[in-house]
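Whatever position you read off the sequence shown (first residue = 1), add 3 for our numbering.
Structure record follows, encoded as structure tokens.
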Amino acid sequence: IQAALEPHEDELEILSRHELEVGTPGAKEVLTAEREFKAFKGFEVVVTPETIPGMKERDPIRGTLVGRDVHETVVSVKGRQVKI
């Protein structure tokens, strides 16, 4: 997926704005491949927004990974779907 998004990064700004991290006991992983997103669907995740110079730092988003497509990642936070 990352390889497919890179040619459109200037237009979409997905890769530069978001990093999806999944915390597991004793290890940290950053999801990058579509198969990883499918494997961790339904698991607790932490989305860490990248801080852009001149913008206020945002808190990490914690919730359950619902899915993702080319345009957005969806995380369920306290039963509410948040599109990132």
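Even glycine gets a Cβ: it sits at the ideal position worked out from N, Cα and C.
Between the beta-carbon of residue i and the beta-carbon of residue j, is there less than 7 angstroms?
{"i": "E60", "j": "T54", "result": "yes"}
{"i": "V48", "j": "P63", "result": "no"}
Could you check how far apart the C-beta atoms of residue i and residue j are, in whole angstroms? I think they sit under 8 angstroms.
{"i": "V80", "j": "R65", "result": "7 angstroms"}
Leaving out the 5 sequence neighbours to the left and right, which residues in its chain are closer than 8 angstroms to residue i when beta-carbon positions are compared?
{"i": "Q84", "result": "V69, V77 and V78"}
{"i": "K44", "result": "L68, V69 and G70"}
{"i": "G29", "result": "With a pLDDT of 41 at G29, under the threshold of 50, the predicted position of this residue should be treated as unreliable, though the coordinate-derived value follows. Counting only Cβ-Cβ distances below 8 angstroms, and skipping sequence neighbours, we find nothing."}
{"i": "K86", "result": "E75, T76 and V77"}
Check for me: the beta strand (DSSP E) holding residue i runs from which residue to which?
{"i": "K86", "result": "R83 to K86"}
{"i": "R65", "result": "I64 to R71"}
Which two residues bound the contiguous alpha helix (DSSP H) that contains residue i?
{"i": "E47", "result": "Taken as a continuous stretch (DSSP letters only), E47 belongs to no alpha helix (DSSP H), being part of the beta strand (DSSP E) at E47 to P52."}
{"i": "K44", "result": "Note, K44: premise wrong, no alpha helix (DSSP H); not H, not E."}
For residue i, I'd like the list of residues in its chain whose CB is within less than 6 angstroms of its CB, leaving aside the five on either flank, ordered along the chain.
{"i": "P52", "result": "R61"}
{"i": "F40", "result": "L34 and R71"}
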